[in-house]
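In the numbering used here, each residue's number is its place in the sequence shown (first place is 1) plus 12. Backbone N, C-alpha and C define an ideal beta-carbon position, used for all residues, glycine too. The model shown is predicted, which means the values in this text are computed figures rather than measured ones.
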Amino acid sequence: MSSGDGSGAAPEAVTPKAPRSGPIGGDIAAIIEGFGTRFRIPVLTSRHSQTSVMGFFALVNGVISIALMSVAAVVSGQAFIFPSLGPTAFLLFYTPTLPAASPRNTIFGHAIGIAAGYLALVIFGLTEAAPALATEVTWARVGAAAVSLGLTSGFMVWLKVPHPPAGATTLIVSLGILKTPAELTVLMVAVVLMVGQGLVINRLAGIDYPTWAPKLG
């Protein structure tokens with residue numbers, strides 16, 4: 013396929029690099045610059061560090077990220093969208109080189125959150141109870157929420173896989189919002205799909221995003 017300038021040249025390859033921090037922190041300026049270079053879009057290359065451009069890129073990327081999951085949810089009838097997926101998406105596309113945004117930390121973090129949340133439901137006898145938002149908050153529910161968050165925080169540190177959004181995932185489970193084995197499986201599938209999207213977008217932009225564990229140094 014020829015490029016838009018009629019030269020027939022393929023989009024310019026981008027060598028993976030460690031991004032420079034933008035004016036408001038994060039890697040998003042480098043991601044935008046990478047897209048501008050790869051797809052020969054001068055306006056992105058020259059204005060990649062402008063807050064207005066970064067904000068618009070974040071807006072569009074956020075819409076696309078969750079829209080894809082929403083389509084999967086509508087087609088499958090399963091909960092492919094849940095609150096903690098939002099902050100995960102922000103981490104993957106705003107600070108992709110942070111250890112917390114690596115595929116390993118993202119997947120393990122949410123898995124720990126799900127396991128801790130369900131274990132808390134079992135401990136406090138809430139596996140068959142209605143969600144906390146649909147009924148009054150009981151002492152058992154308070155205990156489940158506290159234990160789930162404590163376990164999630166502790167195990168993420170012990171296993172060296174911190175991923176802050178997992179703290180929200182464990183509360184989604186321990187509050188009974190999503191709790192069946194089928195729902196929890198879909199949660200993990202959604203996380204893996206989001207990580208795959210992050211890998212594709214960051215690599216297209218020339219960001220040295222890891223394929224699994226965070227890069228050291």
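Within 8 Å, strictly: CB atoms of residue i and residue j
| i | j | result |
| --- | --- | --- |
| Leu199 | Phe51 | no |
| Ile213 | Phe105 | yes |
| Ser186 | Gly98 | no |
| Met206 | Ser77 | yes |
| Pro226 | Ser64 | no |
| Thr107 | Gly38 | yes |
| Thr49 | His122 | no |
| Ser160 | Leu183 | yes |
| Ala217 | Ile53 | no |
| Thr109 | Ile219 | yes |
| Phe92 | Ala194 | no |
| Arg153 | Ala144 | yes |
Of the residues the options, the one placed nearest residue i, counting alpha carbons only
| i | options | result |
| --- | --- | --- |
| Leu80 | Thr223, Gln209 and Ala217 | Gln209 |
| Gly162 | Ala146, Leu131, Gly89 and Thr150 | Leu131 |
| Lys172 | Leu183, Ile119, Val154 and Ala202 | Ile119 |
| Thr192 | Leu133, Val75 and Asn73 | Leu133 |
| Phe68 | Gln90, Ala41, Leu103 and Ala91 | Ala41 |
| Phe167 | Leu103, Gly125, Gly89 and Tyr221 | Gly125 |
| Val75 | Glu148, Gln90, Phe102 and Ala91 | Phe102 |
| Pro222 | Glu148, Ala112, Ala127 and Gly155 | Ala112 |
| Trp170 | Leu228, Trp224 and Asn117 | Asn117 |
Validate contact between the region 174-181 and the region 134-146 using beta carbons, cut 8 Å, 3 pairs | no
Cβ contact (3+ pairs, closer than 8 Å) linking the region 57-71 and the region 79-87 | no
Beta strand (DSSP E) segments (min. 3 residues) lying fully within the region 132-192 | none
At what residue ranges does the region 55-101 contain a whole run of the alpha helix (DSSP H), taking only runs of 4 or more?
-> 63-88
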